[in-house]
Structures are given as structure tokens and as C-alpha cells.
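2 protein chains.
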Amino acid sequence: MRITPEPTMRRLPHYLHFLKRQLENGVEKISSTIIAQALSLDSTQVRKDLEYTGVKGKPKTGFFVKELIQAILEFLTWTTRRDAFLIGAGNLGSAMLGYNRFREYGLNFVAAFDTDENKIGSEIYKVPIFTLDKIPSMARRMNVQVGVLTVPAHAAQTATDLLVEGGIKAIWNFAPTYVKAPKEVVIENHQFTESLAALTRKMVEVDFHLEKYRLSNLEGNRT
Amino acid sequence: MRITPEPTMRRLPHYLHFLKRQLENGVEKISSTIIAQALSLDSTQVRKDLEYTGVKGKPKTGFFVKELIQAILEFLTWTTRRDAFLIGAGNLGSAMLGYNRFREYGLNFVAAFDTDENKIGSEIYKVPIFTLDKIPSMARRMNVQVGVLTVPAHAAQTATDLLVEGGIKAIWNFAPTYVKAPKEVVIENHQFTESLAALTRKMVEVDFHLEKYRLSNLEGNRT
DNA sequence: TGTTTTTAGAGAAATTTTTCTTCATATTTG
DNA sequence: CAAATATGAAGAAAAATTTCTCTAAAAACA
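Chains as they are written, first to last, in the working numbering: chain A, 2 to 224; chain B, 2 to 224.
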């Protein structure tokens, strides 16, 4: 098992989504060229990515859509249910508990945790809320493997430590800060500031290069 | 102006966040080594990243925290206000309108759009809701540059087209699908399925490699 | 059945990103 | 005031990722 390139892992769900829609439309076979076109990617890259999942395509025929979907789902282990804790039942946290599509990805929230006393003992979308100190014991007892952090930045490390104490295997961090954990714990940061930074910076750079492009065109016209 | 590597752009907000906290704690000068340590990165990488913002550090002293913060903010153009439209005032969309920290990044929601007739004419966190067909004309009139997509997948392309028609410069896409736009429009996808895929796949790979590590250790002990 | 066209697969090449090295310089210490 | 030390800068090297190129297989069509 070679390790999968990060960019490949991130592209796979996009293939999956596209393929599911194709299947709904009755498409049974599909070529890497078509996939690439639809997602504005290079067809070689699509093939390279799909190679990791183990599926084989046939020249001139392409891939079987159903087979491909299944292969991606299994590669990402989205076919098996994975129980998860949510830490921080605020704005974003509640929205996540209410998002029932997570099941499609195998993610199943079994409990949420918060410091707000008014929330303790209640339920949000049928998920019960507990105090944070319950995390370690409950995680061990219920064998929960994933912790989702939707807490403010200052509370992120404490929550992480509790999850690690509970023997959690992966942390999906939505708090706007890095957290530290032993290296065998998978940490996946999902911060909107990252993509916002890319967005705003690219706006400047695109502007600049369009400007340059326009200028060089003018020069070109002049000569 | 050389173009900035994607990973660099994504790391900058993390430096920013860390530096802000340092400043709060009264730290005035900081070295790339310290930053690297705090964020579990390589110090050379930190220096390379910071280089893009144009700041210069002094040997043995490091960087001035205030100066660094300012440089990053300006590099990301987060010091100037940028008006934005939000398309899709559902669960996630409402949460975003309510998140008042966006101001810190220069992002300012001036209007939201939805298809739900009950929402039209009302306000969410003081932001008025309109029908989608108003997008092009309003975007032009108000000179709005950013469109934030928090619609279901099937509505994403239509919304994108309307934004493009309105002369928008960048689209921040939270819908679980790719959208197409002319190449001068910056599109930044921010999909949780991407990081979830990375998370779940890494869990398997870490498991596998830990197992291998354990096995090779056993063998090592045997000989 | 033979020829042409399309496409997957494999590996090479190019590009991008990260890591490593060396060097000059500012600060600290004796 | 000189030596030691930590640090940033610059560029080289290495690693990772993407793109390109070629070959062979399958399908379409004559």
C-alpha cells in the first residue's frame, strides 16, 4: 500500500459526485476523457487518480460507472459506518448535526459536547449534548474514532487533548487554529481562512496579470 | 509579481492567527524558528512563505510581529473591504451571515439570495434576502466582487452563471460540486468532502503503516 | 476481415513545492 | 573589542506532483 498523494485524495470525492449524477442519468460506461472534460481536469490525471482505487478501465470503452463509484467509496472507506463526536454545538456545530448527508460518507454523530450549561442534557437533531469532561471515558466505551472540532480557537487544544485521551484516531478540525496531537492521530484541518486567503490573493494576481496581458496586447497592436 | 504557490497562500492565515495571539501576549519580535515550532512546520518553509509578503527579518532578531501581521494582511488584501453576495440562505448560508468575524478578513455581506419565497424580503442578521434573478443587475450596480455559493449542488451552476453575468470577479464555492466560469473569474472551492476524503483515507493508511511498523518490530525482536 | 480511430496504461519529462546547505550579519557574551 | 551563536537570505538539491508521449488494445466502420 503506497501512500496516496494528498491532491488525489481531494479530487476523488469530486469524481464520485460526478459519477453518481451520471448514473442517475442512466450512463453506464464512461471514459477518463469525459470525466476530465466535465471537471476541467487533465485526462491523464484522472486516470492516475483512479488507478489508486484499483479499478481498471478498458481501452475504447472506459470505466463502468457503478464499478468506479464502488471502488472510490471503498477506497475512501465510506462504505463502513464511522461513529463520531462533535465538540462545540454552536452555530456551525449545530448545522453539522443537522446535515443528514454525512451518512453517505459513513460519518455518524453519536454525541456532541459543549460548555454551555443550557445545552447539556438536551438534544440537537436527536444527538445528545454532554459536558466536555465526559469525552475520554465515552470515547473509549463507545469506541468512537473520529472527533469533529467546531469550537472557538482558544478551546481547540483542550478539546483535542480530551479526544486523544479517549483514544480517538482522527480529528477533523474546523477551529481557526492548528492543534497538536501524537503523530498516529490523523488531523485534518478544514479552515475557511485557508481558502479565503487563496481567493483574495488570487483576485489580486489575476487582476495584475490581466492588466499585463492587456498592456502587452496594446504593445503588440502598436508594432 | 510572481504568482504565489497555493500551499503558501494557505499557510499564511495560520501564521497570521498565531502572530495575532503572540501580539496579544506582548511578544514584539519573533523568529521563523519559533513560528515553525509552534505550527509544526519547517523553519525554512516559514521564511520562504513570509518572503512572498515582502517583509525582511533581521539575523539574530527575527521579525517584528506587528510588521509581519500588517504585511500578511496587506498581501492577502484583507485590509480593504470587499462586498459580497451570499447565494443560498439555508443552514450553512445563515450561519455564515451570522459569523461576524468575516469583517476581519475584509469580507462584507451586503445581500443574500434564495429561492424560498418565505425568505424573500426578510433579513437574516440584518442582511436582506432577494430572489436570484436580481443578482446580475444588483451585482453591477453595487460593484460587488465576490459571490459565496451555499446552495445545493444542483443549483450551483445556475447561480454561478448569474454571478458571472453580474461581472463578479471571484466565487467562493461551498456547494459539493465544481462550477464552470470564464478563466478570469477566480473560483475557490471549499468543500468538506475533500478534507473528509483525506481524513478517512489517511486513517486507513496510518493504520496500515502502524501495523507494518509493529510487525517489523516483532521481526526485529525475534532475530 | 482489415483498417482506422479512440482510449487506457505505463513510463518519461517537466513543473512545482519542499528541504537542505552555505554564507553573511546582527546580537550577545566574555 | 573580539569571538561565539543564532538567524535570515539565497540558491541548490531533493521530493512530490502534474503533464506529456508513446504503445497497445478495443471498437467502429468499410
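A virtual CB, placed ideally from N, CA and C, is assigned to each residue, including glycine.
In chain A, which residues lie with their C-beta within 7 Å of the C-beta of residue i?
| i | result |
| --- | --- |
| B:M10 | A198, A199 and R202 |
| B:V187 | L200, K203, M204 and V207 |
| B:G99 | N92 |
| B:E195 | R11 and P14 |
| B:A72 | Neighbours of B:A72 on chain A: none; closest Cβ ~13 Å, over 7 Å. |
| B:A171 | L200 and M204 |
| B:Y126 | Result: empty, since nearest Cβ-Cβ is about 11 Å, beyond 7 Å. |
Here's the rule I'm using: 16 or more other beta-carbon atoms within 10 Å means buried, otherwise exposed. How should residue i be labelled?
| i | result |
| --- | --- |
| A:D50 | buried |
| A:Q23 | buried |
| B:G167 | buried |
| A:Q38 | exposed |
| B:I125 | buried |
| B:I4 | exposed |
| B:F114 | buried |
| A:V152 | buried |
| A:M10 | buried |
Contact check, residue i vs residue j under 8 Å by CB: the rounded distance?
| i | j | result |
| --- | --- | --- |
| A:R83 | A:L108 | 6 Å |
| A:L77 | B:A198 | 5 Å |
| B:T194 | A:Y106 | 7 Å |
| A:N119 | B:G99 | So it is not a contact: roughly 18 Å between Cβ atoms. |
| B:A85 | B:V56 | Actually they are not in contact, since the Cβ atoms of B:A85 and B:V56 sit about 28 Å apart, beyond 8 Å. |
| A:T161 | A:A182 | 6 Å |
What in chain B is Cβ-close to residue i, meaning under 7 Å?
| i | result |
| --- | --- |
| A:T178 | H18 |
| A:A96 | N92, L93 and A96 |
Among residues of its own chain, excluding the 5 on either side of residue i, which ones have a beta-carbon nearer than 6 Å to its beta-carbon?
| i | result |
| --- | --- |
| B:L20 | V66, L69 and I70 |
| A:S123 | I130 |
| A:W173 | V149 and E189 |
| A:L219 | Summary for A:L219: the model assigns pLDDT 42, below 50, so the residue's position carries little reliability, and this model does not support an answer. |
So which residues of chain A does residue i contact, with C-beta pairs closer than 8 Å?
| i | result |
| --- | --- |
| B:K49 | Result: empty, since nearest Cβ-Cβ is about 16 Å, beyond 8 Å. |
| B:F76 | R202 |
May I ask you to report which of helix, strand or coil DSSP gives residue i?
| i | result |
| --- | --- |
| A:D84 | strand |
| A:G63 | strand |
| B:I121 | coil |
| A:G148 | strand |
| B:P14 | helix |
| A:K30 | strand |
| B:F175 | coil |
| B:L77 | coil |
Near residue i, what residues of its chain come up, given a Cβ to Cβ distance below 7 Å and the 5 sequence neighbours on each side ignored?
| i | result |
| --- | --- |
| A:L40 | H15 and F19 |
| A:W79 | Y106 and G107 |
| A:T62 | K30 |
| B:V186 | V165, I169, K170, A171 and I172 |
Quick one: which chain A residues come within Cβ less than 9 Å of residue i?
| i | result |
| --- | --- |
| B:K120 | Near B:K120 there are no residues of chain A at all, since even the closest Cβ is about 17 Å away, more than 9 Å. |
Report all residues from its chain with a CB closer than 8 Å to the CB of residue i; omit the five preceding and five following residues, and keep chain order.
| i | result |
| --- | --- |
| B:G58 | S32, S33, R48, L51 and F64 |
Please list the partners that residue i has in chain B, where partner means a Cβ-to-Cβ separation under 8 Å.
| i | result |
| --- | --- |
| A:L1 | An answer regarding residue 1 of chain A cannot be provided, because it is not within the stretch 2 to 224 covered by chain A. |
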